[in-house]
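*Asks:* Attaching a single structure in structure tokens format; questions to follow.
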Amino acid sequence: MLPNMNPLINVGDFAAPGDGERGGGTADVGADAADDGEPTELRLHWNVILIAVLMDFGQSAAFRSSGFIYVALQDHFQVDHEAASWPVSVLGTVVDAGGILAGPLCQWFGAAVTLRAGALVTALGVMASAFVPDIPWMTVTLGVIHGAGAGTVSMMLQVFLSMTFVKYRGTAHGIMFMGSILASLTIPQALFFLENTYGFSGCLLVFGALLLHLVPISFLLRSSSSRSSSLQPDTGPTALVETRDVNLNIKEDLESESKSCSSSSSAKGKPGVLQSAAEVLRLPMFYVILVTWTVMCYNEDIFLTTIVDFAVDKGIAKNMAVPLLSYLSFTDAIGRIGLPLLADRNIIRRSTLVCCNAALTAASVAILPEANAYAFLVVATLFAACFNGCGMTMHGVLMADYIGMDNLPVGYGVAGILVVPLLLVKPVLIVPRTLSAQLTLSTGAGVVDLDLVGARLRLVLLRDRDRLRDRDLDLGLVISVGREN
Numbered sequence: 001m002l003p004n005m006n007p008l009i010n011v012g013d014f015a016a017p018g019d020g021e022r023g024g025g026t027a028d029v030g031a032d033a034a035d036d037g038e039p040t041e042l043r044l045h046w047n048v049i050l051i052a053v054l055m056d057f058g059q060s061a062a063f064r065s066s067g068f069i070y071v072a073l074q075d076h077f078q079v080d081h082e083a084a085s086w087p088v089s090v091l092g093t094v095v096d097a098g099g100i101l102a103g104p105l106c107q108w109f110g111a112a113v114t115l116r117a118g119a120l121v122t123a124l125g126v127m128a129s130a131f132v133p134d135i136p137w138m139t140v141t142l143g144v145i146h147g148a149g150a151g152t153v154s155m156m157l158q159v160f161l162s163m164t165f166v167k168y169r170g171t172a173h174g175i176m177f178m179g180s181i182l183a184s185l186t187i188p189q190a191l192f193f194l195e196n197t198y199g200f201s202g203c204l205l206v207f208g209a210l211l212l213h214l215v216p217i218s219f220l221l222r223s224s225s226s227r228s229s230s231l232q233p234d235t236g237p238t239a240l241v242e243t244r245d246v247n248l249n250i251k252e253d254l255e256s257e258s259k260s261c262s263s264s265s266s267a268k269g270k271p272g273v274l275q276s277a278a279e280v281l282r283l284p285m286f287y288v289i290l291v292t293w294t295v296m297c298y299n300e301d302i303f304l305t306t307i308v309d310f311a312v313d314k315g316i317a318k319n320m321a322v323p324l325l326s327y328l329s330f331t332d333a334i335g336r337i338g339l340p341l342l343a344d345r346n347i348i349r350r351s352t353l354v355c356c357n358a359a360l361t362a363a364s365v366a367i368l369p370e371a372n373a374y375a376f377l378v379v380a381t382l383f384a385a386c387f388n389g390c391g392m393t394m395h396g397v398l399m400a401d402y403i404g405m406d407n408l409p410v411g412y413g414v415a416g417i418l419v420v421p422l423l424l425v426k427p428v429l430i431v432p433r434t435l436s437a438q439l440t441l442s443t444g445a446g447v448v449d450l451d452l453v454g455a456r457l458r459l460v461l462l463r464d465r466d467r468l469r470d471r472d473l474d475l476g477l478v479i480s481v482g483r484e485n
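Mapping of the sequence shown onto full-length UniProt numbering: residues 1 to 485, in sequence order.
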């Protein structure tokens, strides 16, 4: 008989749902497993989501205003396009690779302390940029220092949401990213007003001072065991087997129970950074998630940076091309919230959603070169933003599901280290501004996405085939044991 224990006792012990190989635990047998049709987790922890939205709004404000900063740097320092692109390009790269610092720091000092430190560095980097004399120093302060802080905050927010939410993890991540969408709609206009009022240096100084508000907001998030206990009542083996039998997830949950029992003995001491990194590197699905996320990062950055110029080169007036950035914010929100909700409501598996979403992302990006009419371009842009937003959101969800909460912070760090060489060449791909070059980028991104879809689909189908076969065997075993009793 399985022991009556609750292994989810602290932040490091949170387990992921059954969609991941290393996830599982007994989280799906808690309050939300008895699905009454209401988003229990979202009701209980709405304050966590609200704080995450506010912090995501602040940490993404500078990156989402890259277009304004890019033009302002040219005017302020009297430099050309290539020189002005360095701070913005480095900023995006360092933010994407923020897990390099955030992962080990979280493992050593905890998620709460790391989040607060990241919030402070985020503000100080922008404030220091107000006093720099040239572009190289601006690259250091705005690109490296501010980018490292913003990337740390972004990673830690995903860790907090993964710790707090299990069933509605995808929806929670999507709602959090509404902060960056709101930032793209409001911050550029606010910075434009500040620049006209105080000049570019004064604008950055006021902007950095406003970002200091992230520090007290970060103190509202604390890593405690109260969240786990609220969602994890003490359940015996009888209730456990009954719930699993109804959900037909016997194979997943029996494996998860054995992992939970074995991990509970080692949960008293956190694994070291090197030990966690070794465990992450041994997971095949980690590399699939990593490559998919890298392509999504390229898609998002290249798409947002070149879509206006792309439309202008197509012969569309600039006053009609610029609003594309506002239009895509709405479908971006749908992709980040609506599509993950389908998986959270068990309409589709999370892994299947990501696989299908990658195919749709590839298709929407690949048809951009054929969008000669303005209406056609708007539709293709809206779909591309929707599907890419879903892919960026589900990255953090799948990381928690497949890697597990014990290794999640270090997993982000390992991911950052592995993708840095690829992210460093991103500015080289964004520099071309001719129509033919942008057509090549769009089509190439679509082809790469299609290749990733094929690889991921094969992995998902093979894993699900084995799981279905083993589940049927375990179901027969449970039924036979019940008859004997």
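Cβ atoms here follow ideal geometry from the backbone N, Cα and C, with glycine treated the same way.
Going by DSSP, what residue range makes up the alpha helix (DSSP H) through Y198?
*Replies:* For the purposes of this step, residue 198 is taken as the residue at position 198 of the sequence shown. 178-211 is the span of the alpha helix (DSSP H), which, as asked, contains Y198.
*Asks:* Is it true that the CB of M392 sits closer than 8 Å to the CB of residue 500?
*Replies:* The first residue shown for the chain is 1 and the last is 485, placing residue 500 beyond what the model contains.
*Asks:* Could you give the DSSP three-state label for V79: helix, strand or coil?
*Replies:* For the purposes of this step, residue 79 is taken as residue 79 along the sequence shown, with counting starting at 1. Coil.
*Asks:* Three Cβ pairs or more, each shorter than 8 Å: is that satisfied between the region 353-360 and the region 393-404?
*Replies:* At 8 Å Cβ cutoff, the stretches touch.
*Asks:* Taking DSSP as the reference, what is the three-state secondary structure of P340?
*Replies:* Indexing the sequence shown from 1 puts residue 340 at position 340. In the structure shown, P340 sits in a helix (DSSP, three-state: H, G or I).
*Asks:* Within its chain, find whatever has a CB closer than 6 Å to the CB of A415; leave out the 5 residues flanking it on each side and keep chain order.
*Replies:* Indexing the sequence shown from 1 puts residue 415 at position 415. Result list for A415: G99, L290, in chain order.
*Asks:* Please classify H81 as buried or exposed, where buried requires at least 16 other C-beta atoms within 10 Å of its C-beta.
*Replies:* By 1-based counting over the sequence shown, the position of residue 81 is 81. By the neighbour-count rule (16 or more Cβ atoms within 10 Å), H81 is not buried but exposed.
*Asks:* Of the residues A359, F303, F330, N357, which one's Cα is nearest the Cα of M178?
*Replies:* Here residue 178 refers to the residue found at position 178 when the sequence shown is read from its first residue. Answer by Cα proximity: F330.
*Asks:* Do the region 139-147 and the region 120-127 touch if we need at least three Cβ pairs shorter than 8 Å?
*Replies:* Flag = yes, the region 139-147 and the region 120-127 touch.
*Asks:* Per DSSP, what kind of secondary structure is V48 in: helix, strand or coil?
*Replies:* Along the sequence shown, one-based indexing puts residue 48 at 48. Three-state DSSP puts V48 in a helix.
*Asks:* Looking at W86: is its Cβ nearer than 8 Å to the Cβ of I135?
*Replies:* Within the sequence shown, the letter at position 86 stands for residue 86. Within the sequence shown, the letter at position 135 stands for residue 135. In this structure, I135 lies closer than 8 Å to W86 by Cβ.
*Asks:* Quick test of the definition: if touching needs 3 or more C-beta pairs under 8 Å, does the region 314-321 touch the region 356-375?
*Replies:* In short, these stretches touch, since the Cβ pair count reaches three.
*Asks:* Exposed or buried, W293, counting other C-beta atoms within 10 Å across all chains shown (16 or more means buried)?
*Replies:* As a first step, residue 293 is located in the sequence shown; it is residue number 293 there, counting from the start. That one is buried.
*Asks:* Any idea what DSSP makes of V159, helix, strand or coil?
*Replies:* Along the sequence shown, read from residue 1 onward, the residue named residue 159 stands at position 159. It is helical.
*Asks:* Skipping 5 residues on each side, what residues in its chain have a beta carbon closer than 7 Å to that of A183?
*Replies:* Taking the sequence shown and counting its residues from 1, one reaches residue 183 at position 183. Correct list, in chain order: F57, S60, A61, R64.
*Asks:* Cα separation between A172 and F286?
*Replies:* Along the sequence shown, read from residue 1 onward, the residue named residue 172 stands at position 172. Along the sequence shown, read from residue 1 onward, the residue named residue 286 stands at position 286. If I take the Cα positions, the gap works out to 22 Å.
*Asks:* Hey, would you say P340 sits closer than 8 Å to C390, going by beta carbons?
*Replies:* Numbered from 1 along the sequence shown, position 340 holds the residue referred to as residue 340. Numbered from 1 along the sequence shown, position 390 holds the residue referred to as residue 390. The answer is yes: Cβ separation under 8 Å.
*Asks:* Could you tell me the alpha carbon to alpha carbon distance between V174 and M399, rounded to whole angstroms?
*Replies:* The residue given as residue 174 occupies position 174 in the sequence shown. The residue given as residue 399 occupies position 399 in the sequence shown. It is Gly, not Val, that sits at residue 174 in the sequence shown. If you take the alpha carbons of G174 and M399, they lie about 15 Å apart.
*Asks:* Between which two residues does the alpha helix (DSSP H) holding I367 run?
*Replies:* On the sequence shown, residue 367 is found 367 positions in, with the first residue counted as 1. Element bounds for I367: n/a, residue is neither H nor E.
*Asks:* What is the DSSP secondary structure of A130, reduced to helix, strand or coil?
*Replies:* In the sequence shown, counting from the first residue as 1, residue 130 sits at position 130. It is coil, neither helix nor strand.
*Asks:* Who are the Cβ neighbours of F160 in its own chain at under 8 Å, not counting the five residues just before and after it?
*Replies:* Taking the first residue of the sequence shown as 1, we reach residue 160 at position 160. The answer, listed in chain order, is V48, A52, A111, L115, L221, S223.
*Asks:* Could you give the first and the last residue of the continuous alpha helix (DSSP H) run that contains V419?
*Replies:* Here residue 419 corresponds to residue number 419 of the sequence shown, with the count starting at 1. 408-424 is the extent of the alpha helix (DSSP H) around V419.
*Asks:* For L368, does the count of other Cβ atoms within 10 angstroms reach 16, so buried, or fall short, so exposed?
*Replies:* On the sequence shown, residue 368 is found 368 positions in, with the first residue counted as 1. Buried, since its Cβ has 16 or more Cβ neighbours within 10 Å.
*Asks:* Taking C-beta to C-beta, are G118 and V71 nearer than 8 Å?
*Replies:* By 1-based counting over the sequence shown, the position of residue 118 is 118. By 1-based counting over the sequence shown, the position of residue 71 is 71. Not closer than 8 Å, so no.
*Asks:* Answer with buried or exposed for M296, where buried requires no fewer than 16 other C-beta atoms within 10 angstroms of its C-beta.
*Replies:* Here the question's residue 296 lines up with position 296 in the sequence shown. Counting Cβ neighbours within 10 Å, M296 comes out buried, since at least 16 surround it.
*Asks:* Drop a sphere of 10 angstroms on the beta-carbon of N346, count the other beta-carbons inside from all chains shown, and report buried for 16 or more, exposed for fewer.
*Replies:* Position 346 of the sequence shown, counting from 1, holds the residue named residue 346. Flag for N346 reads exposed.
*Asks:* Alpha carbon to alpha carbon, what distance is there between L210 and V410?
*Replies:* Start at 1 with the first residue of the sequence shown, and residue 410 comes out as number 410. Start at 1 with the first residue of the sequence shown, and residue 210 comes out as number 210. Between V410 and L210, the C-alpha separation is close to 30 Å.
*Asks:* Within this structure, are the beta carbons of E300 and F165 separated by less than 8 Å?
*Replies:* If you number the sequence shown from 1, residue 300 lands on position 300. If you number the sequence shown from 1, residue 165 lands on position 165. No, they are not a contact pair.
*Asks:* Just verifying my parser: in three-state terms, what is the DSSP assignment at E38?
*Replies:* Taking the first residue of the sequence shown as 1, we reach residue 38 at position 38. Only weak support exists for where E38 lies, its pLDDT of 47 falling under 50; the value from the coordinates is given anyway. If DSSP states are grouped into helix, strand and coil, E38 belongs with coil.
*Asks:* Does residue 486 pass the burial test, meaning 16 or more other C-beta atoms within 10 Å, or should it be called exposed?
*Replies:* Outside the displayed range of the chain (1 to 485) lies residue 486, so it cannot be described from this structure.
*Asks:* With 16 as the cutoff for other CB atoms within 10 Å, does Y327 come out buried or exposed?
*Replies:* Position 327 of the sequence shown, counted from the first residue, corresponds to residue 327. Y327 is exposed by the Cβ-count criterion.
*Asks:* Would you say L408 and S162 are within 8 Å of each other, going by their C-beta atoms?
*Replies:* Reading the sequence shown from its first residue, position 408 is the one you call residue 408. Reading the sequence shown from its first residue, position 162 is the one you call residue 162. Yes; because the gap between Cβ atoms is below 8 Å, this pair is in contact.
*Asks:* Identify whether M405 lies in helix, strand or coil by the three-state DSSP scheme.
*Replies:* Indexing the sequence shown from 1 puts residue 405 at position 405. Looking at M405 - three-state DSSP - the assignment turns out to be coil, as it is neither helix nor strand.
*Asks:* Please report the distance separating the alpha-carbon of F77 from that of T361.
*Replies:* Here residue 77 is taken as the residue at index 77 of the sequence shown, counted from 1. Here residue 361 is taken as the residue at index 361 of the sequence shown, counted from 1. Those two C-alpha atoms are separated by around 38 Å.
*Asks:* By a C-beta neighbour count over all protein chains shown, 10 Å radius and 16 as the cutoff for buried, is P104 buried or exposed?
*Replies:* Taking the sequence shown and counting its residues from 1, one reaches residue 104 at position 104. It counts as buried.
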